[in-house]
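J.:
Here it is, written out as structure tokens:
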């Protein structure tokens with residue numbers, strides 16, 4: 007499948023400016039932060055990101071009118087067969103990502119001015135988030151697997167740096183390392199996938215690869231991986247999807263995401279909710295021309311997504327850390343997006359990605375505002391009745407909560423409902439059926455934990471410690487302004503995307519996404535859904551309103567249990583103690599990994615260190631073997647270098663003699 | 428008496444030699460200027476010299492646009508290859524002169540110093556434009572003689588004089604070898620012109636083989652001396668250590684560029700028929716150079732000596748490009764030389780800056796704790812060292828990458844493996860300096876020379892190395908383009 | 041036949057003289073041997089009808105260069121070279137290398153075009169061929185570039201020799217004219233209030 011070259015092209019300078027502006031800001035703040043001080047640092051970085059956001063919107067509007075861009079700017083290196091070019095591919099899929107990334111990033115930048123005020127690493131923080139924005143833009147705007155990989159690794163790096171931003175905190179360092187290592191597992195698969203692409207297609211350019219996919223599939227190419235014979239395309243897609251699982255926090259690689267909340271809250275909003283973690287979803291959608299040809303890979307995407315959506319929602323039910331609740335919700339919602347991609351409703355997945363970015367970033371930022379007010383306490387058991395003190399935060403968080411729960415007409419309703427209905431309609435057999443029920447139960451739980459957290463924070467009884475009480479106040483405008491901006495997004499993004507942008511057209515090409523997403527006719531779940539709904543021979547009440555009913559039920563349950571202080575939650579926890587403990591301990595994933603990997607690897611490491619490194623290499627080889635030889639050789643050469651001219655001349659003569667003799671003997 | 432008939436008309440296209448004419452004339456002008464200027468105003472001489480070399484660089488570019496490419500009856504050529512090499516030489520000379528500004532200020536005879544540097548670069552430029560052994564040899568001797576004098580310039584410093592004397596005597600020996608080899612080649616072919624000799628040698632029969640091979644071996648040995656290939660490298664550490672540091676920087680780059688260019692021209696033009704034989708010789712030389720350079724450097728305490736061995740090691744890597752014998756290989760050599768130029772100049776600029784009142788910051792221990800006193804210079808030095816070691820993504824990585832890939836594509840896998848192995852050993856002593864700077868306590872107090880030209884060089888070279896590291900394609904493309912004249 | 045005899049005479053003496061240069065202990069003797077060697081080389085040039093080169097060799101090398109050498113040797117007063125110690129330890133390897141190298145070089149120089157059967161005596165030019173003119177024609181046209189470079193090499197040698205050796209004596213009194221001209225009243229006069 008080749009994307010046709012379009013007549014309307016975009017201004018390349020403008021396109022280049024969008025990623026380069028944040029980079030420039032990052033470099034300026036990073037290198038000269040000591041000189042610029044707080045004020046200039048945030049003006050430069052926020053200014054450049056806001057400008058990038060404005061340009062992104064401009065590009066978005068042009069692309070809406072049919073403009074597209076595809077081209078290479080530089081040949082980074084051309085050496086023999088290896089030609090790596092750096093270029094961009096701008097189409098509707100890209101622009102929706104660009105706009106989401108830059109707008110949320112701009113809001114987070116502004117928010118950070120208030121949130122990080124007075125922190126010793128102020129300029130560094132701005133430098134990192136701007137650099138992160140740059141990396142994310144490279145990831146989405148690139149036109150090859152190479153740029154994808156570069157952006158992928160770069161966002162991982164900045165995520166690591168930002169999680170461990172307060173590097174004096176032990177838990178932050180551990181969380182950063184956990185994120186990095188778990189992501190490494192994913193990235194390993196990702197790298198294998200890309201290498202496989204290069205091996206089989208001989209190029210890493212999206213268009214050239216996509217053009218060859220059909221040929222590869224038709225040729226019936228298979229390969230053997232660890233003795234497991236499978237289609238080449240399936241192998242590539244699965245390997246790439248492993249990378250997506252790591253980056254997007256899907257089971258079983260989800261364990262790093264909740265821990266990443268050790269980072270400052272703006273980071274949780276920007277990186278671990280709105281943008282970076284959605285890179286996996288974006289990647290699957292971007293590579294839809296490849297995934298579409300592998301039923302196995304699609305099924306894997308559905309199953310992983312569904313399990314994550316369900317499991318993380320259950321964990322979210324009982325968590326007490328305000329950010330962790332939202333973090334598990336993020337994992338769960340990412341599961342929804344993957345299910346959407348798996349049932350070939352990529353447009354729905356991306357649609358949900360966009361709406362989710364707004365309301366989830368808002369939730370985090372509002373949570374940050376709360377945390378800011380209660381002096382860095384994140385335990386919702388020590389909050390309550392905060393609505394009196396912080397009305398703007400209260401209202402915006404309510405809106406975000408409604409959007410997340412999927413109550414019309416807020417953003418989440420449109421996108422999430424669409425995913426669920428498409429999953430129902432797709433009919434992949436047992437996979438999509440399981441996914442449907444997982445998602446439906448997820449809806450109830452989402453509504454429940456969102457409002458549990460909400461009520462415990464803003465209503466219920468006042469459990470704020472006395473020492474904190476005097477400090478309670480509404481946050482300054484730099485914090486509330488981004489909340490308001492994002493609240494607008496959380497309210498209208500769904501309606502706007504569904505009705506005006508036509509993101510969910512059953513014929514993708516006619517809708518917003520045009521050619522940027524490829525769906526086989528046989529997989530087109532949204533079209534199937536449309537057909538199903540036109541079939542008036544049976545009732546569609548449950549299909550159309552089921553999710554809504556469950557959401558309302560979830561909210562109602564939460565209201566009953568948590569709006570006022572009741573004894574119900576404690577009673578339930580007591581009755582179902584095993585389940586509660588199980589959920590409270592996050593299904594024991596960390597303990598499982600600790601048992602399966604961490605400890606054995608530590609032991610192995612200990613072994614390598616003590617026996618291998620210290621005894622074998624240091625003692626055995628360094629002081630006796632290789633290094634000894636090298637050092638002896640060095641000493642010997644030093645002796646030869648006697649300083650005597652005739653020794654030097656002698657060496658030259660011997661050299662000539664040896665070579666001449668060799669030549670004579672061989673001539 | 429019969430009327431004298433000249434066999435050749437007046438040479439055409441003389442403008443091609445404009446850069447050399449500027450150098451020669453300005454060399455003499457600078458010499459006279461220094462006589463007339465009072466001692467306190469000798470820095471004008473330095474300024475004029477630097478301006479001259481910059482003008483020479485510009486004129487090289489200017490005349491490279493000319494339609495013609497040869498003059499002096501084909502004895503002088505200005506092809507893209509020569510143009511690129513001349514630019515490298517000009518850059519190296521400018522850098523070396525800037526490094527000298529502070530260094531030789533206190534020495535006597537400043538004017539002659541710059542004059543001789545100008546003549547040295549004149550010799551190199553003639554070498555790279557040579558199409559025959561006469562021009563090549565004369566250019567080589569002009570360069571060599573100038574460098575001998577420069578090495579011994581601090582005539583009151585014992586080790587400087589000693590170094591110059593050693594270099595001179597061994598240099599004479601190497602010249603003898605070169606000339607001895609030439610007699611064999613001339614005797615076999617009756618010509619001094621590279622391409623003519625190449626044709627004759629390629630078509631010559633078995634009976635001449637022995638003489639030609641002997642001649643080739645001696646010529647290669649003589650040239651190897653100039654570019655410090657083991658086992659003809661023995662002078663290098665002593666001369667590097669004894670020479671004034673800016674001259675060390677100069678002679679570790681510019682003569683190497685000129686020598687390697689001649690190497691490439693001779694191998695491609697004169698000995699295409701003996702590729703199998705010279706490849707074997709070069710393999711031996713390359714492995715020995717890599718081994719000697721990288722291993723012996725570990726035992727050094729003096730950074731100038733260490734860099735001398737580092738040069739030998741680098742030359743060993745560069746020879747891999749010659750062994751590959753392909754376009755990629757030759758391009759790899761040019762890339763390597765370009766990047767090596769900037770790395771070396773940057774490192775020497777930092778070393779010169781560390782010269783304190785009487786002591787020169789030449790010992791490795793002097794770098795201990797540098798990061799705490801001068802974090803900026805420590806960072807630059809660290810980057811340059813990592814680049815020398817070939818750590819991605821810095822310039823030095825691509826330099827090694829280019830020659831290794833070429834030699835792998837030429838199916839010399841074992842050589843490439845050895846190369847990687849030796850560069851791993853080499854990484855040890857480069858990175859050791861980083862360790863000194865960042866992990867050791869300061870041992871002696873620092874008193875950095877405050878000199879704008881030095882700072883400019885440090886910043887510039889570091890930036891170039893980082894920029895090439897991130898985006899190597901322009902340089903690579905340039906080097907491939909420059910090869911048009913060679914093959 | 042006579043030519044042949046002279047060739048062997050000059051050639052043989054040149055080789056013998058060269059051996060004398062490196063083997064004699066006395067530096068003065070070495071220089072004398074070298075002069076003999078140059079004379080014989082000049083003789084070989086004469087045999088080849090290259091009388092200009094032969095005369096130049098005698099005039100410049102014997103007449104100028106070697107005389108300079110002698111002066112230097114006399115001024116340095118190194119009559120006996122220091123007894124070479126420990127040369128025996130180099131003898132086995134060195135001697136072997138020398139012998140093998142010699143054999144190899146003989147093999148190379150008697151092969152192919154160099155073989156005596158192929159090296160026929162060059163025909164003599166007529167008396168009207170002026171070999172000074174012929175050299176001039178080549179030197180100032182085809183080898184003009186080389187000629188110019190040689191000139192610059194000599195210049196560098198000149199400068200280098202002066203730079204490395206010329207010393208102004210510290211105790212000698214010089215006039216510094218520039219300093220004298222630029223001197224100001226304040227530098228020399230001082231008002232002393234009495």
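Protein chains in written order, with our numbering: chain A, 7 to 673; chain B, 428 to 914; chain C, 41 to 234. For each residue, glycine too, the CB sits at the ideal point set by N, CA and C. Computed from a prediction, not measured in an experiment: that's the story for all the values here.
Report the residue ranges of all beta strand (DSSP E) runs contained in full by the region 178 to 236 of chain A; include only those spanning at least 3 residues, in chain order.
T.: Listed in chain order, they are 228 to 231.
J.: Would you give the residue range spanned by the alpha helix (DSSP H) that residue 80 (chain C) belongs to?
T.: Note, residue 80 (chain C): alpha helix (DSSP H), 67 to 87.
J.: So, does the CB of residue 731 (chain B) fall closer than 8 angstroms to a CB anywhere in chain A?
T.: Answer no: the Cβ-Cβ gap between residue 731 (chain B) and chain A never drops below 8 angstroms.
J.: For the region 194 to 208 of chain A, which residues have a beta carbon sitting closer than 7 angstroms to at least one beta carbon of chain C?
T.: The residues in question: there are none.
J.: By alpha-carbon positions, which one of B:799, B:440, B:521 and B:843 ends up nearest to residue 504 (chain B)?
T.: Cα-wise, what sits closest to residue 504 (chain B) is B:440.
J.: Tell me which residues share the same chain as residue 594 (chain B) and place their Cβ nearer than 7 angstroms to its Cβ, disregarding the 5 neighbours each side in the sequence.
T.: If we look at residue 594 (chain B) and ignore the five residues flanking it on each side, its Cβ neighbours are 575, 578, 662 and 666.
J.: Specify the secondary structure class of residue 326 (chain A) as computed by DSSP and reduced to three states.
T.: Residue state, collapsed to three classes: coil.
J.: Buried or exposed: residue 19 (chain A), going by 16 or more other Cβ atoms within 10 Å of its Cβ?
T.: Exposed, by the Cβ-count rule.
J.: Determine whether the Cβ of residue 140 (chain C) lies closer than 8 angstroms to any Cβ atom of chain A.
T.: Yes, residue 140 (chain C) counts as interfacial toward chain A.
J.: Taking the DSSP output, what are the residues bridged to residue 85 (chain A)?
T.: Partner(s): A:88.
J.: Who are the neighbours of residue 150 (chain A) on chain B, taking C-beta pairs under 8 angstroms?
T.: Chain B residues near residue 150 (chain A): none, gap ~15 angstroms exceeds 8 angstroms.
J.: In terms of residues, what are the limits of the alpha helix (DSSP H) holding residue 44 (chain A)?
T.: First-last of the alpha helix (DSSP H) with residue 44 (chain A): 18 to 70.
J.: Grouping DSSP H, G and I as helix and E and B as strand, with all else coil, what is residue 755 (chain B)?
T.: Three-state DSSP puts residue 755 (chain B) in a helix.
J.: Counting pairs of beta carbons, one from the region 676 to 694 of chain B and one from the region 636 to 650 of chain B, are three or more of them closer than 8 angstroms?
T.: Yes, since at least three Cβ pairs between the region 676 to 694 of chain B and the region 636 to 650 of chain B fall closer than 8 angstroms, the two stretches touch.
J.: Mind checking whether residue 585 (chain B) and residue 569 (chain B) have CB atoms under 8 angstroms apart?
T.: Result no, Cβ atoms of residue 585 (chain B) and residue 569 (chain B) do not sit closer than 8 angstroms.
J.: For residue 94 (chain A), return the contacting residues in chain B, with the cut-off set at a CB-CB distance below 7 angstroms.
T.: By Cβ distance, chain B contributes nothing, its closest Cβ being about 17 angstroms from residue 94 (chain A), past 7 angstroms.
J.: Applying the 10 Å Cβ sphere with the 16-neighbour rule, what's the burial state of residue 474 (chain B)?
T.: Exposed, because fewer than 16 other Cβ atoms sit within 10 Å of the Cβ of residue 474 (chain B).
J.: Are residue 363 (chain A) and residue 424 (chain A) touching if we call contact CB-CB under 8 angstroms?
T.: No.
J.: On a CA-only basis, which of A:340, A:36 and A:437 is nearest residue 129 (chain A)? Give me that one, please.
T.: It is A:36 whose Cα lies nearest to the Cα of residue 129 (chain A).
J.: For the alpha helix (DSSP H) holding residue 423 (chain A), just list the boundary residues, first then last.
T.: Unbroken alpha helix (DSSP H) run through residue 423 (chain A): 417 to 432.
J.: Looking at chain B, is there any beta carbon in it that lies within less than 8 angstroms of the beta carbon of residue 184 (chain C)?
T.: Answer yes: the Cβ-Cβ gap between residue 184 (chain C) and chain B drops below 8 angstroms somewhere.
J.: According to a CB-to-CB cut-off of less than 9 angstroms, which residues of the region 473 to 507 of chain B neighbour chain C?
T.: The region 473 to 507 of chain B vs chain C, Cβ under 9 angstroms: 498, 499, 500, 502 and 503.
J.: Closer than 8 angstroms, CB to CB, is residue 751 (chain B) near chain A or not?
T.: Cβ-Cβ to chain A under 8 angstroms: no for residue 751 (chain B).
J.: In the region 701 to 715 of chain B, which residues sit with their C-beta less than 7 angstroms from some C-beta in chain A, listed in chain order?
T.: Cβ contacts with chain A: 704, 708 and 711.
J.: Counting only Cβ pairs nearer than 7 angstroms, list the residues of chain C close to residue 210 (chain A).
T.: Ordered by position in chain C, no residue passes the 7 angstroms Cβ test against residue 210 (chain A), which lies about 52 angstroms from the chain.
J.: Considering only the alpha carbon of each residue, which of C:59, C:146, C:189 and C:191 lies closest to residue 670 (chain A)?
T.: The shortest C-alpha separation from residue 670 (chain A) is found at C:146.
J.: Identify the contact partners of residue 657 (chain A) in chain B, using a Cβ-Cβ distance below 7 angstroms as the criterion.
T.: Here the neighbours are 658 and 661.
J.: Considering only the beta carbon of each residue, do residue 75 (chain C) and residue 106 (chain C) sit closer than 8 angstroms?
T.: For residue 75 (chain C) and residue 106 (chain C), yes; Cβs fall inside 8 angstroms.
J.: Under 8 angstroms, with one C-beta from each stretch per pair, do the region 450 to 469 of chain B and the region 492 to 510 of chain B reach the 3-pair mark?
T.: Result no; under three Cβ-Cβ pairs closer than 8 angstroms.
J.: Going by C-alpha distance, which of B:598, B:642, B:600 and B:604 is nearest residue 614 (chain B)?
T.: Comparing Cα positions, the closest option is B:642.
J.: Can you pull out the residues from the region 296 to 318 of chain A whose beta carbon lies closer than 8 angstroms to at least one beta carbon of chain B?
T.: Answer in chain order: no residues at all.
J.: How many Å lie between residue 535 (chain A) and residue 174 (chain A) at the Cα?
T.: Their Cα atoms are separated by approximately 53 angstroms.
J.: What are the boundary residues of the alpha helix (DSSP H) that residue 626 (chain B) is part of?
T.: Unbroken alpha helix (DSSP H) run through residue 626 (chain B): 621 to 630.
J.: What does the Cβ neighbour count give for residue 648 (chain A), buried or exposed, with the cut at 16 atoms within 10 Å?
T.: Exposed, because fewer than 16 other Cβ atoms sit within 10 Å of the Cβ of residue 648 (chain A).
J.: Please list, in chain order, the chain B residues whose beta carbon lies closer than 9 angstroms to that of residue 107 (chain C).
T.: Correct list: empty, because the minimum Cβ distance to chain B is about 21 angstroms.
J.: If you draw a straight line from the C-alpha of residue 499 (chain B) to the C-alpha of residue 174 (chain C), how long is it?
T.: Approximately 19 angstroms between the Cα atoms of the pair.
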